[in-house]
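Protein chains in written order, with the numbering used here: chain X, 81 to 282; chain E, 81 to 282; chain Z, 81 to 282.
Structure representation (structure tokens):
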């Protein structure tokens, strides 16, 4: 239950971020819808492909698809209000990232993945939608050249694996991992933390 | 039989569109070949990955791969003629889109997908090759900012699901869905129909 | 053993090429890490998705992931030295391409693929990482408009299939195919061979 509720929150947050990018690129209704839906459910689809879940849950679940679709349409028609809610969007996006990282790791463990695969698949689920969004609108993925994004995702997924391997139940691991990953991302945004860049080439 | 024949027509039409884009980007022989083949068989590969068909049919079938390969080579050497046949190409592309949408939905149903998954997987098969083509040549996918493209694909796949759930045989569903999707796309092209764009941000 | 050793060499070579591209794009530490790791293990992941190996070997193997990760970090901190080793990188990249083409074909045959699928999946494994690298940093994939790259990969994979179908053992096929593919690529680089371009459109 907790896992499914959080997943829908994550899907809505990602779909909103994707649809807003579509609006900013002046796409038409279906383009905004497409980018929104793919961003919302893309990470989960990649996770399911990696785990061999056929067809991917997000393509069979009306709740997942519907959440992404309705969110994208709302953004299309109400984006001028949402633009002012940029802080809310960034916060929801951080929550979505945290949720996908931790639910991805839990689902991977449930499908007999080892620790390494669970962390990497959780991380991929968390960043997959955003990478699809940026590739679709022909921009270099944000995660490659912006503030801390994938690091909290990987650490959150790793925390889930550690808690479960120490005997914790899934819901405990989900809460701890999501709070940690989302919190780290928000602090990084607020403090403007970033990683070092390469030294200039001589 | 009907399904396989139509699928080869669709592969040839998509491969031709991909190879023509490659020519317009001044790629070399193998580049044109690559874009053509990926565009021709890409949608079917994505469909099979989503359905867990390993390895994807288009990688194991000489007919599918050969159709895409030969079409791409013909376009490379004869593109100056084909340029004049732009209307024919657009018509074939619309037919290919309709065919992939409907065959994708039928194949998804045959692999125990529900109605939602069948529609989404049919739609993905119809647009997958074109999205790959545009990502490969580093352009924003046409379907995101052009006239009605994915809407007819999704409606055609939905029509297939409705006809089959009402008891119709596969071939009947294929014909109805393909005629509808292709026809809607052609009318949209001819009438220059498009979807609304977002209102300007204040 | 031989197969695994060669695969790690290939992963390191591809990861180094990806990380160097990340450095040249002025990405931060994680961006360079990401592009390096995806380029190193991306081809193998695509191969495993096409073959239905879940989760993909490179996500479960510490050796594969670790090789890609360490190589990317070394390049990030030591790239000014590696820039001077461009010839070494290109040579290693050619070896990696040859190794992935031949190991991909062998693994595909072991998973009951036919000859066509084995060649295409070997070729996809050889070029997959490089295509991901170029799509991630928003450039048209090199293989589409540069010197002979995918042709040696496909020929090397085809040679593997021929040797094995003629009764040769896997290791023999791997050595012959890798030497041929890598050698052809190096000769093409050295002699500046390329394929014909389309005739100008009238």
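The C-beta atom is built at its ideal place from N, Cα and C for all residues, glycine as well. Here the structure is a predicted model, which is why all the values come from computation and not from measurement.
- Task: Look up residue 219/E in the DSSP assignment and say whether it is helix, strand or coil.
- Result: Under the three-state reduction of DSSP, residue 219/E is assigned to coil, being neither helix nor strand.
- Query: Between which two residues does the alpha helix (DSSP H) carrying residue 138/X extend?
  - Reply: Boundaries of the alpha helix (DSSP H) harbouring residue 138/X: 137-140, taken from the DSSP string.
- What's the gap between the Cα of residue 114/Z and the Cα of residue 129/Z? Residue 114/Z and residue 129/Z: Cα-Cα distance of roughly 20 Å.
- Query: Hey, how far is the Cα of residue 175/Z from the Cα of residue 82/E?
  - Reply: Straight-line Cα distance between these residues: approximately 45 Å.
- Message: Going by C-alpha to C-alpha distance, which of 244/E, 184/E, 210/E and 271/E sits closest to residue 86/E?
- Response: Answer by Cα proximity: 184/E.
- Message: Can you pull the chain E neighbours of residue 161/X, defined as C-beta to C-beta under 8 Å?
- Response: Within 8 Å Cβ-Cβ: nothing; residue 161/X doesn't reach chain E, min ~10 Å.
- Message: Under DSSP, the alpha helix (DSSP H) around residue 111/X begins and ends at which residues?
- Response: For residue 111/X, the uninterrupted alpha helix (DSSP H) run begins and ends at 109-131, by DSSP.
- Message: Just to confirm the assignment, what range does the alpha helix (DSSP H) spanning residue 249/E have?
- Response: Residue 249/E: not part of any alpha helix (DSSP H); DSSP gives it neither H nor E.
- Partner residues on chain E for residue 136/Z, Cβ-Cβ distance less than 8 Å: The premise fails here: residue 136/Z is roughly 12 Å from chain E at the closest Cβ pair, so nothing lies under 8 Å.
- Message: With H, G and I counted as helix, E and B as strand and the rest as coil, what does DSSP make of residue 184/X?
- Response: The answer is helix: DSSP assigns residue 184/X an H, G or I state.
- Out of curiosity, what's the CA-to-CA distance linking residue 192/X and residue 125/Z? If you draw a straight line from the Cα of residue 192/X to the Cα of residue 125/Z, it comes to about 18 Å.
- Message: 8 Å is my cut-off, CB to CB: does residue 194/Z come that close to chain E?
- Response: Interface criterion met: the Cβ of residue 194/Z is under 8 Å from a Cβ in chain E.
- Message: Within a Cβ cutoff of 6 Å, which residues of the same chain sit near residue 237/Z, ignoring the five residues on either side of it in sequence?
- Response: These residues qualify, in order along the chain: 181, 185, 199, 202 and 203.
- Proximal residues of chain X, C-beta to C-beta of residue 220/E below 8 Å: Chain X residues near residue 220/E: 105, 216, 217 and 218.
- Message: I'd like the span of the alpha helix (DSSP H) that includes residue 98/Z, first residue to last.
- Response: Start and end: 82-104.
- Message: Just verifying my parser: in three-state terms, what is the DSSP assignment at residue 193/E?
- Response: In this structure, residue 193/E counts as coil in the three-state DSSP scheme.
- Pick out whichever of 100/Z, 106/Z and 143/Z has its Cα sitting closest to the Cα of residue 84/Z. When each option's Cα is compared against that of residue 84/Z, the closest is 143/Z.
- Rounded to whole angstroms, what's the CA-CA distance from residue 188/X to residue 197/X? Just pull it up for me. One Cα belongs to residue 188/X, the other to residue 197/X, and the distance between them is close to 7 Å.
- With a threshold of 16 other CB atoms inside 10 Å of the CB of residue 272/E, please say whether the residue is buried or exposed. It is exposed - the Cβ of residue 272/E has fewer than 16 other Cβ atoms within 10 Å.
- Query: In chain X, which residues lie less than 7 Å from residue 132/E when you measure between Cβ atoms?
  - Reply: Residues of chain X passing the Cβ test: 132 and 134.
- Using a Cβ-Cβ cut-off of 6 Å (strictly less than) and excluding sequence neighbours within five positions of residue 173/X, which residues of its own chain qualify? For residue 173/X, where only same-chain residues beyond five positions count, the Cβ hits under 6 Å are 93 and 97.
- Message: Against chain E, with Cβ distances strictly below 8 Å, would residue 125/Z count as a contact?
- Response: Under the Cβ distance rule, residue 125/Z does not count among the residues neighbouring chain E, no pair being separated by less than 8 Å.
- Using a Cβ-Cβ cut-off of 8 Å, state whether residue 264/E counts as contacting chain X. Look at residue 264/E: its C-beta is not under 8 Å from any C-beta on chain X.
- Item | Touching by the beta-carbon criterion (3+ pairs, under 8 Å), the segment 133-142 of chain Z and the segment 242-254 of chain X | In short, these stretches do not touch, since the Cβ pair count stays below three.
- Message: Excluding the 5 residues flanking residue 169/Z on each side, which residues of the same chain have their C-beta closer than 8 Å to its C-beta?
- Response: Correct list, in chain order: 93, 96, 97, 100 and 162.
- Residues near residue 88/X by beta carbon distance below 6 Å, same chain, minus five either side: Correct list, in chain order: 147.
- Neighbour-count burial assignment, residue 246/Z, 16 or more Cβ in a 10 Å radius: Burial call: exposed.
- For the segment 226-260 of chain X, which residues have a beta carbon sitting closer than 7 Å to at least one beta carbon of chain Z? Answer in chain order: 230 and 231.
- Query: Could you give the distance in angstroms between the alpha-carbon of residue 230/X and the alpha-carbon of residue 206/X?
  - Reply: Their Cα atoms are separated by approximately 8 Å.
- Should residue 106/X go down as buried or exposed, given a rule of 16 or more other Cβ atoms within 10 Å for buried? Exposed, because fewer than 16 other Cβ atoms sit within 10 Å of the Cβ of residue 106/X.
- Message: Does residue 229/X come out as helix, strand or coil in the three-state DSSP assignment?
- Response: DSSP places residue 229/X in coil when its eight states are reduced to three.
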